[in-house]
Amino acid sequence: METFELARHFMTVLEEGDVDKARACLQPDAKIWHNFDDVEQTVGENMALLAWMTRKSQSRAYEITRLEEIPGGYLQQHILTIENMQGETMRMHACVLVRVRDGLIERIEEYLDPAAVAKLS
Numbered sequence: 691m692e693t694f695e696l697a698r699h700f701m702t703v704l705e706e707g708d709v710d711k712a713r714a715c716l717q718p719d720a721k722i723w724h725n726f727d728d729v730e731q732t733v734g735e736n737m738a739l740l741a742w743m744t745r746k747s748q749s750r751a752y753e754i755t756r757l758e759e760i761p762g763g764y765l766q767q768h769i770l771t772i773e774n775m776q777g778e779t780m781r782m783h784a785c786v787l788v789r790v791r792d793g794l795i796e797r798i799e800e801y802l803d804p805a806a807v808a809k810l811s
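Counting the sequence shown from 1 gives a position; our numbering is that position plus 690.
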């Protein structure tokens, strides 16, 4: 899978909340880091977060506002729009630096303000 194809496919399966397809986009030993807690998640931990977010929301939509290939991966800016179970809509801007190895995501460094996600609880 080409870099941009991988980036778009990954966003699509995240929107769908498909944990298995999302996991298939990642190297088994991939790490996912977030700026707000300075913690590296394993694939399993990150997929548990996706499953939780899927249970707590009616829909998720990613609008990619910037996608650039960089050496070894890509840089992406996007807006995640989530509708919670009460019908409230929230938007979260994010920027991710993604490293790709052998056609799969090896590392994600995600920069965002998680305040909007608090409405999912």
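A virtual CB, placed ideally from N, CA and C, is assigned to each residue, including glycine. A quick note: this is a predicted structure, and the numbers were derived from the prediction, not measured.
Open item on the list: What residue range does the beta strand (DSSP E) around Lys721 cover?
Closed with: Leu716 to His724
Open item on the list: Only counting the same chain, and skipping five residues up and downstream in sequence, which positions put a Cβ closer than 7 Å to that of Leu794?
Closed with: Cys715, Leu716 and Gln717
- [ ] Measure the C-alpha to C-alpha separation of Glu706 and Glu758 and round it to an integer number of angstroms.
- [x] 23 Å
Open item on the list: Can you look up Gly762 in the DSSP assignment and give me helix, strand or coil?
Closed with: coil
Open item on the list: If you reduce the DSSP assignment to three classes, tell me which class Glu695 lands in.
Closed with: helix
- [ ] Under 8 Å Cβ to Cβ from Leu704, same chain only, skipping five residues before and after it: list those, please.
- [x] Ala712, Leu740, Arg750 and Tyr752
Task: Integer-rounded CB distance, given that Tyr764 should sit under 8 Å from Gln733 - done: Note on residue identity: the sequence assigns Val, not Gln, to residue 733. Rounded, the Cβ-Cβ distance is 19 Å, inconsistent with contact.
Open item on the list: Given this structure, state the Cα-to-Cα distance separating Trp723 from Gly777, to the nearest angstrom.
Closed with: 29 Å
Task: Burial state of Met775 (16 or more Cβ within 10 Å) - done: exposed
TODO: Assign Gln766 to one of two classes, buried (16 or more other C-beta atoms within 10 Å of its C-beta) or exposed (fewer than that).
DONE: buried
Open item on the list: Check this for me: beta carbons of Leu770 and Arg756, under 9 Å apart or not?
Closed with: no
TODO: Please determine, among Val729, Thr779 and Ile754, the residue with the shortest C-alpha to C-alpha distance to Glu695.
DONE: Ile754
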